[in-house]
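A.B. asks: A single structure is presented below for examination.
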Amino acid sequence: MSIFINNIKRIIRDKGNIITMILTPLIFIMFIMGNGNINKLNAAVIDKDNTSLSKMIVNMISSNVNLKDIKEEEISGKLLNEQIDYALVIDKGFTEKIIKGEDIKLKGYKIKETNISVPLNIYINSFVSSIKNIAKSCGGDSKKFYKALEYYEDGSFKAEFKPLGNRKRVLTYSSLGFVVMGMLIFSLTSSNLSLEDKRNKTFYRVFSAPISTKSYMFQNILSYYVLS
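To convert, count from 1 in the sequence shown and add 1; that's the numbering used here.
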């Protein structure tokens, strides 16, 4: 295993390889840990309907995001300045149309280039879809609808919105990613040893000794793998 041992010594002797192998991933991991605070989504809801249903929607959203108090005309500016990630407008007459069984949708606003608000949008649409089904079953009777809504609010709809998942899990995945990246860079750098051996004719001198090509390549690859 002379090739294997010699390669280990050559790799460790190069300070650049040590930096690539150990320090680079650590620096990135420390950076991620220092800046990896996962905050709640910033959202705004403009409730023009002001009914029990619209208030229920506002409460549902506010329990899962940082709710900002803004005016409708401020939506575009707040989104562009990244002060909010998502805005929802509940138009006047929304509840009345829901009870009548009309096909009506809430107005959601976000920046097209980002998908950070997609889970919240799905969450809201799922809720509204359930409300529409309740309204249909009530046949346009507002008293029956609000009674069913009370039952629904009391226990039927228990969901939790998590925009970015568990903080510890996200940090772990990010850290592992940087470790793997460091390993790949290190392997690429170390593999240059074989090319260097060919350039300075060491590659050919090695085969004057009793060693096969397969053994030479195996020991090279093994040394890269062990240190990575």
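Cβ atoms here follow ideal geometry from the backbone N, Cα and C, with glycine treated the same way.
DSSP state of Lys41, grouped into three classes?
C.D. replies: One-based indexing of the sequence shown puts residue 41 at position 40. Note: Lys41 maps to coil in three-state DSSP.
A.B. asks: Name the DSSP bridge partner or partners of Gly94?
C.D. replies: The residue you call residue 94 lines up with position 93 of the sequence shown. Per DSSP, none; premise fails for Gly94.
A.B. asks: In whole angstroms, what is the alpha-carbon distance linking Asn67 and Leu89?
C.D. replies: As a working mapping, residue 67 is identified with position 66 in the sequence shown. As a working mapping, residue 89 is identified with position 88 in the sequence shown. Going by the C-alpha atoms only, they are around 13 Å apart.
A.B. asks: Out of Tyr124, Asp142, Phe219, point me to the one whose CA is closest to Gly109's CA.
C.D. replies: Numbered from 1 along the sequence shown, position 108 holds the residue referred to as residue 109. When only C-alpha atoms are compared, the closest one is Tyr124.
A.B. asks: Where does the unbroken alpha helix (DSSP H) through Leu54 begin, and where does it stop?
C.D. replies: Translated into the one-based positions of the sequence shown, residue 54 becomes position 53. Start and end: 53-63.
A.B. asks: Looking at the strands, I want to know which residues DSSP matches up with Leu89.
C.D. replies: Position 88 of the sequence shown holds residue 89. According to DSSP, which records beta bridges pairwise, Leu89 is partnered with Val46, Gly109.
A.B. asks: Below 8 Å between beta carbons: does that hold for Ile100 and Asp48?
C.D. replies: Mapped onto the sequence shown, residue 100 falls at position 99. Mapped onto the sequence shown, residue 48 falls at position 47. Contact: no.
A.B. asks: Tell me the residue span of the alpha helix (DSSP H) that contains Lys137.
C.D. replies: As a first step, residue 137 must be located in the sequence shown, where it is residue number 136. Where Lys137 is concerned, the enclosing alpha helix (DSSP H) stretches over 119-139.
A.B. asks: Say whether chain B places a C-beta atom closer than 8 Å to the C-beta of Ser53.
C.D. replies: Of the protein chains in the structure, only one exists, and it is not chain B.
A.B. asks: Decide if Ile58 is buried, meaning its Cβ has at least 16 other Cβ atoms within 10 Å, or exposed.
C.D. replies: If you number the sequence shown from 1, residue 58 lands on position 57. The residue is buried, with at least 16 neighbouring Cβ atoms inside 10 Å.
A.B. asks: On a Cα-Cα basis, can you pick out the residue from Glu75, Glu154, Gly141 that is closest to Thr96?
C.D. replies: Here residue 96 refers to the residue found at position 95 when the sequence shown is read from its first residue. Thr96 has its Cα closest to that of Gly141, out of Glu75, Glu154, Gly141.
A.B. asks: What does a CB cutoff of less than 6 Å around Asn38 pick up in its chain, not counting 5 residues either side in sequence?
C.D. replies: As a position in the sequence shown, residue 38 is number 37, starting the count at 1. Note that Asn38 scores 47 on pLDDT, short of 50, meaning its location in the model is unreliable and no value can be drawn from it.
A.B. asks: Give the range of the beta strand (DSSP E) segment to which Lys69 is assigned.
C.D. replies: By one-based count along the sequence shown, residue 69 stands at place 68. Where Lys69 is concerned, the enclosing beta strand (DSSP E) stretches over 67-69.
A.B. asks: Count the other CB atoms within 10 Å of the CB of Lys137; is the residue buried (16 or more) or exposed (fewer)?
C.D. replies: Translated into positions along the sequence shown, residue 137 becomes position 136. Label assigned to Lys137: exposed.
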